[in-house]
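Residue numbers (our numbering): -19 to 329. First the structure, in the form of structure tokens, and then the observations on it.
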Ligand SMILES: [Zn+2]
């Protein structure tokens, strides 16, 4: 074994790994705070290069060797072939709806306790074929498949570990939801029923370098109570019981954000679903077994709907059943008044 010392590097790129391998390295030593880029990690995996030290990203495992008979059987099983077909179909939809470009986006499906099917790196979701897919374990080690697995699989795996109900994870860059993510805003709730039931309040995870463990860790605080998380300055991630449903959630959240933007252009206030009707939707959601932070109880009815300053659109508070506006308290009233004043001032400029 020959170890090449890269511990002086703050960021380790694929170029650094390739240079070390050319010098005969079978192991690289990393500094304790080194950031390893996804392509560097893939290069290490490809060359069977191990890591000493603990850079921020997880160490690359050995290069994908031929699959063991057990994994080869699992990878070719009828359940795996059905899941591959579903992933390919979802990938095509993502590309057709312009939710991914270049080789962006990735999709996975939990096939067994420690086996996950996933999309490969560097393949457009429009061109994806079943034979392009990969099988990995929950540590990200590739078990089968000839192409290298996506570098963003770590985020998927953390979701599978944290949420037993998650059978599929899908990550993409839909423009309207991503527009919210780059402004650091989350869309309001209680505006359109389908969004309430299937997605509801999304969370916003702070920005981290894609493909790193820190990127995966950033979504963790939210995934038990949200099936969709906005990734700041990046895109979205959804989990569901099937790949098809995860793709539906991406459609629902992006269309919702788009509709809010169109409404904002009309210059008139949007209206909220009345709070008693919003409670009906939440009850449907509970029956469907879908996660929602508002289902944990302890929330007053008028808190079912988010404050209008989060809307990114002009908003009016939901009316109460008696027709008067929601009496959530002075804070809400004051915020609504301040937002209304600011909007009116802007319109008069
Ligand atoms: Zn991405």
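Each residue gets a CB set at the ideal place from its N, CA and C atoms; glycine is no exception. Just so it is clear, the structure is predicted and the values come from calculations on it, not from any experiment.
**Study point:** The beta strand (DSSP E) enclosing residue 87, as first and last residue numbers
**Key:** Looking up residue 87 in the chain shown gives position 107. Note, residue 87: beta strand (DSSP E), 86 to 92.
Exercise for review: Keeping to the same chain, check which residues put their C-beta closer than 6 Å to that of residue 140; ignore five residues upstream and five downstream.
Suggested key: Within the chain shown, numbered from 1, the residue matching residue 140 stands at position 160. 90, 146.
Point to revise | Outcome for residue 119 when other beta-carbon atoms lying within 10 angstroms are tallied against a minimum of 16 | key: Here residue 119 refers to the residue found at position 139 of the chain shown. Exposed, because fewer than 16 other Cβ atoms sit within 10 Å of the Cβ of residue 119.
Exercise for review: Enumerate, from N- to C-terminal direction, the unbroken beta strand (DSSP E) stretches of 3 or more residues contained entirely within the segment 65 to 139.
Suggested key: As far as the segment 65 to 139 is concerned, its whole beta strand (DSSP E) runs of at least 3 residues are 86 to 92, 95 to 98, 114 to 116, 122 to 124.
Point to revise | Separation of residue 129 from residue 234, as counted between CA atoms | key: Position 254 of the chain shown, counting from 1, holds the residue named residue 234. Position 149 of the chain shown, counting from 1, holds the residue named residue 129. Straight-line Cα distance between these residues: approximately 26 Å.
Review point. Within 7 Å: the Cβ of residue 164 and any heavy atom of ligand 1?
Key: In the chain shown, residue 164 corresponds to position 184, counting from 1. No, the beta carbon of residue 164 sits no closer than 7 Å to any heavy atom of ligand 1.
Review point. Going straight from the alpha carbon of residue 75 to that of residue -19, what length do you get?
Key: For the purposes of this step, residue 75 is taken as residue 95 along the chain shown, with counting starting at 1. For the purposes of this step, residue -19 is taken as residue 1 along the chain shown, with counting starting at 1. Computed Cα separation, rounded: 44 Å.
Check your understanding: Between the C-alpha atoms of residue 222 and residue 161, what's the straight-line distance to the nearest angstrom?
Key -> Position 242 of the chain shown, counted from the first residue, corresponds to residue 222. Position 181 of the chain shown, counted from the first residue, corresponds to residue 161. Spanning the two alpha carbons is a distance of roughly 25 Å.
Check your understanding: What is the rounded straight-line gap between the Cα of residue -16 and the Cα of residue 111?
Key -> Taking the first residue of the chain shown as position 1, residue -16 is located at position 4. Taking the first residue of the chain shown as position 1, residue 111 is located at position 131. Distance between the alpha carbons of residue -16 and residue 111 is about 35 Å.
Review point. So which residues touch the region around ligand 1, with touch meaning a C-beta under 7 Å from any heavy atom?
Key: 84, 85, 132, 151, 153, 190, 214, 215
Review point. If you drop the 5 nearest sequence neighbours on each side, which residues of the same chain put their C-beta closer than 6 Å to that of residue 313?
Key: By 1-based counting over the chain shown, the position of residue 313 is 333. Its pLDDT being 44, under 50, residue 313 is placed unreliably in this model, and the value from its coordinates should be taken loosely. Nothing meets the Cβ criterion.
Review point. For residue -17, which residues does DSSP report across the bridge?
Key: Position 3 of the chain shown, counting from 1, holds the residue named residue -17. In DSSP, residue -17 forms a bridge with 7.
Review point. How is residue 46 classed by DSSP in three states: helix, strand or coil?
Key: Along the chain shown, read from residue 1 onward, the residue named residue 46 stands at position 66. Of the three classes helix, strand and coil, the one that applies to residue 46 here is coil, per DSSP.
Exercise for review: Can you check DSSP and say which residues form a bridge with residue 32?
Suggested key: Residue 32 sits at position 52 when you count from the first residue of the chain shown. Residue 32 is bridged to 9.
Exercise for review: Output the boundary residues of the beta strand (DSSP E) element that contains residue 218.
Suggested key: Taking the chain shown and counting its residues from 1, one reaches residue 218 at position 238. It spans 215 to 220 - the beta strand (DSSP E) in which residue 218 sits, taken as one unbroken run.
**Study point:** Close-in-space but distant-in-sequence residues of the same chain around residue 143 (CB under 7 Å, 5 per side omitted)
**Key:** Looking up residue 143 in the chain shown gives position 163. Result list for residue 143: 203, 204, 219, in chain order.
Check your understanding: Cα-Cα, which of 229, 67, 122, 93 is closest to residue 28?
Key -> Within the chain shown, numbered from 1, the residue matching residue 28 stands at position 48. With distances taken between Cα atoms, residue 28 lies closest to 122.
Practice item. Indicate whether residue 191 and residue 152 have their beta-carbon atoms separated by less than 8 Å. Key: One-based indexing of the chain shown puts residue 191 at position 211. One-based indexing of the chain shown puts residue 152 at position 172. No, the pair does not count as a contact, with Cβ atoms beyond the cut-off.
Check your understanding: From residue 8 to residue 25, what distance separates their C-alpha atoms?
Key -> The residue you call residue 8 lines up with position 28 of the chain shown. The residue you call residue 25 lines up with position 45 of the chain shown. Per the coordinates, the alpha-carbon of residue 8 lies some 12 Å from the alpha-carbon of residue 25.
Check your understanding: Using the beta-carbon count (16 or more within 10 Å), is residue 57 buried or exposed?
Key -> Counting from 1 along the chain shown, the entry for residue 57 is found at position 77. Result: exposed.
Review point. Of the choices 252, 93, 50, 126, whose alpha-carbon is the least far from that of residue 102?
Key: Your numbering for residue 102 matches position 122 in the chain shown. For the residues 252, 93, 50, 126, the minimum Cα distance to residue 102 belongs to 126.
Practice item. Please classify residue 99: is it buried, with 16 or more other beta-carbons within 10 angstroms of its beta-carbon, or exposed? Key: Counting from one through the chain shown, the residue named residue 99 turns up at place 119. Classification of residue 99: buried, given that the 10 Å Cβ count is 16 or more.
**Study point:** Pair within 8 Å by beta-carbon distance, residue 137 and residue 92
**Key:** Position 157 of the chain shown, counting from 1, holds the residue named residue 137. Position 112 of the chain shown, counting from 1, holds the residue named residue 92. No, these two residues do not count as a Cβ contact at 8 Å.
Practice item. Compare the C-alpha of residue 81 against each of 155, 244, 182 and name the closest. Key: Position 101 of the chain shown, counted from the first residue, corresponds to residue 81. When each option's Cα is compared against that of residue 81, the closest is 155.
Review point. Which class does residue 264 belong to by DSSP, given the choice of helix, strand or coil?
Key: Looking up residue 264 in the chain shown gives position 284. DSSP places residue 264 in helix when its eight states are reduced to three.
Exercise for review: Between the Cα of residue 69 and those of 185, 254, 104, spot the shortest distance and give me the residue it belongs to.
Suggested key: As a first step, residue 69 must be located in the chain shown, where it is residue number 89. The candidate whose alpha carbon is nearest that of residue 69 is 104.
Check your understanding: Since residue 244 is in the beta strand (DSSP E), which residue starts that stretch and which ends it?
Key -> In the chain shown, residue 244 corresponds to position 264, counting from 1. First-last for residue 244: 223 to 246, but that is the alpha helix (DSSP H), not the beta strand (DSSP E).
Check your understanding: For the putative contact between residue 16 and residue 50, defined by C-beta atoms under 8 Å, what is the C-beta separation to the nearest angstrom?
Key -> Translated into the one-based positions of the chain shown, residue 16 becomes position 36. Translated into the one-based positions of the chain shown, residue 50 becomes position 70. In fact, because the Cβ distance is near 30 Å, the residues do not count as touching under 8 Å.
Check your understanding: For the segment 129 to 205, which segments carrying the alpha helix (DSSP H) assignment without a break, of at least 4 residues, lie completely within its bounds, in sequence order?
Key -> 133 to 142, 155 to 163, 173 to 178, 193 to 199
Review point. Just how far apart, CA to CA, sit residue 106 and residue 271?
Key: Within the chain shown, residue 106 is the residue found at index 126, counting from 1. Within the chain shown, residue 271 is the residue found at index 291, counting from 1. The alpha-carbon atoms of residue 106 and residue 271 are separated by roughly 30 Å.
Point to revise | residue 54 - DSSP class collapsed to helix/strand/coil | key: Reading the chain shown from its first residue, position 74 is the one you call residue 54. Helix.
Review point. Are the C-beta atoms of residue 155 and some chain D residue less than 8 Å apart?
Key: Reference to chain D is not applicable here, since this structure consists of a single protein chain.
Check your understanding: Mapping DSSP to helix, strand and coil, what is residue -11?
Key -> For the purposes of this step, residue -11 is taken as residue 9 along the chain shown, with counting starting at 1. In the structure shown, residue -11 sits in coil (DSSP, three-state: anything other than H, G, I, E or B).
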